[in-house]
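Q: In this text, residue positions in the sequence shown follow my numbering: the first is 14, and each later residue adds one.
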Amino acid sequence: MKTHSVEIGALKRELPVITVAPGVAVALLNLLGDTELTEEAAQVLAAKMPKGIEVLVTPEVKAVTLAHVISRILGIPYIVARKTVKPYMHQPVTREVLSITTGKPQLLVIDGFDIPKIKDKKVAVIDDVVSTGGTLRSLSSLITDIGGHVTATLAVFTEGDPREDVIALGHLPLYLE
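1. Across which residues does DSSP place G183 in a beta bridge pair?
2. Beta-carbon within less than 7 Å of E73's beta-carbon, same chain only, minus the 5 sequence neighbours each way: which residues are those?
3. Using a Cβ-Cβ cutoff of less than 8 Å, which residues in the same chain neighbour V30 once the five nearest sequence positions on both sides are dropped?
4. Identify which residue in E53, I83 and V77 has its Cα closest to the Cα of M62.
5. Put L87 into one of helix, strand or coil per three-state DSSP.
6. Under 8 Å between the Cβ atoms of D140 and T148?
7. Indicate the three-state DSSP secondary structure (helix, strand or coil) for P196 in the structure shown.
8. Could you tell me the boundaries of the beta strand (DSSP E) in which K130 lies?
9. Cα separation between P105 and L120?
10. Decide if the region 148-159 is in contact with the region 41-54; the criterion is three or more beta carbon pairs, one per stretch, under 8 Å apart.
11. Could you tell me whether the Cβ atoms of E172 and S153 are closer together than 8 Å?
12. Work out the CA separation of F170 and L185 for me, nearest whole Å.
13. Among G36, T78 and F126, which has the Cα closest to the Cα of Y101?
14. Report yes if the C-beta of Q119 is less than 7 Å from at least one heavy atom of the ligand NAD; otherwise report no.
15. Could you give the DSSP three-state label for A40: helix, strand or coil?
16. Can you give me the C-alpha to C-alpha distance between A23 and E53, rounded to a whole angstrom?
17. Going by C-alpha distance, which of E190, I123, G88 and K130 is nearest A59?
18. Please tell me whether E177 and T32 are closer than 8 Å, where the distance is taken between their beta carbons.
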């Protein structure tokens with residue numbers, strides 16, 4: 014299997030290169046279950062967090078552990094934008110997004126109970142990898158529509174075209190097959 018070498022803080026990993034669409038492959042970062050890598054990435058990203066951030070928002074699922082550890086380190090609460098409306102949610106607000114990793118439309122959902130935690134607050138979006146920016150655009154639009162102010166985006170890696178709008182620890186190439 015083809016791999017891509019990365020360094021995050023003091024750690025090194027070999028990421029598997031996985032085909033996600035015809036002719037396109039990515040180096041797959043999966044923080045789920047890799048506590049050591051999640052902790053290291055969170056420490057380095059927390060040190061880069063701009064001053065004044067009041068709440069973190071992350072899309073479900075792969076970046077949730079990262080947001081949790083950054084939240085613990087900095088003492089800043091975090092909110093998870095879910096992928097489906099749950100029966101327990103109160104007046105959820107939704108946005109549709111097309112993600113490069115799934116290739117299918119998905120929802121981003123903020124529970125109405127979380128709106129006061131975001132409204133009129135300086136928000137940092139936390140993600141594992143930002144590629145085309147589709148998730149980032151949809152999540153930022155959702156946060157803005159409920160009254161939050163997205164003032165920073167932090168990710169472990171950017172991917173594809175370089176992005177000046179994301180604070181990241183590195184950059185991953187897209188593999189065109």
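Every residue, glycine too, gets a C-beta built ideally from N, C-alpha and C. Since this is a predicted model, take the numbers as computed values, not measurements.
A: On the basis of the data shown:
1. Your numbering for residue 183 matches position 170 in the sequence shown. F170.
2. Counting from 1 along the sequence shown, the entry for residue 73 is found at position 60. So the qualifying residues of the chain are V93, A94, R95 and K96.
3. Your numbering for residue 30 matches position 17 in the sequence shown. Once the five neighbours on either side are set aside, the close Cβ partners of V30 are M14, K15, T16, H17, A38, V39, A40, L41 and Y188.
4. For the purposes of this step, residue 62 is identified with residue 49 of the sequence shown, where counting begins at 1. Measuring from the Cα of M62, the nearest candidate turns out to be I83.
5. Residue numbering aside, residue 87 sits at position 74 when the sequence shown is read from its first letter. Three-state DSSP puts L87 in a helix.
6. Your numbering for residue 140 matches position 127 in the sequence shown. Your numbering for residue 148 matches position 135 in the sequence shown. For D140 and T148, yes; Cβs fall inside 8 Å.
7. Residue 196 lies beyond the range of the chain shown here (14 to 190); nothing can be said about it.
8. Against the sequence shown, residue 130 aligns to sequence position 117. Element bounds for K130: not the beta strand (DSSP E) but the alpha helix (DSSP H), I128 to I131.
9. Reading the sequence shown from its first residue, position 92 is the one you call residue 105. Reading the sequence shown from its first residue, position 107 is the one you call residue 120. Rounded to whole angstroms, P105 to L120 spans 11 Å at the Cα level.
10. no
11. On the sequence shown, position 159 is the one that residue 172 refers to. On the sequence shown, position 140 is the one that residue 153 refers to. The answer is no: Cβ separation not under 8 Å.
12. Here residue 185 corresponds to residue number 172 of the sequence shown, with the count starting at 1. Here residue 170 corresponds to residue number 157 of the sequence shown, with the count starting at 1. When rounded, the distance between both Cα atoms is 6 Å.
13. Residue 101 sits at position 88 when you count from the first residue of the sequence shown. Ranking G36, T78 and F126 by Cα distance to Y101 puts F126 first.
14. Judged by which ligands are present, the structure shown has none, so any question about the ligand NAD falls away.
15. If you number the sequence shown from 1, residue 40 lands on position 27. Reduced to three states, the DSSP call for A40 is strand.
16. Walking along the sequence shown from the start, residue 23 turns up at place 10. Walking along the sequence shown from the start, residue 53 turns up at place 40. The straight-line gap from Cα to Cα measures roughly 8 Å.
17. Locating residue 59 in the sequence shown gives position 46, where the first residue counts as 1. Comparing Cα positions, the closest option is G88.
18. On the sequence shown, residue 177 is found 164 positions in, with the first residue counted as 1. On the sequence shown, residue 32 is found 19 positions in, with the first residue counted as 1. No, the Cβ-Cβ distance between E177 and T32 is not below 8 Å.
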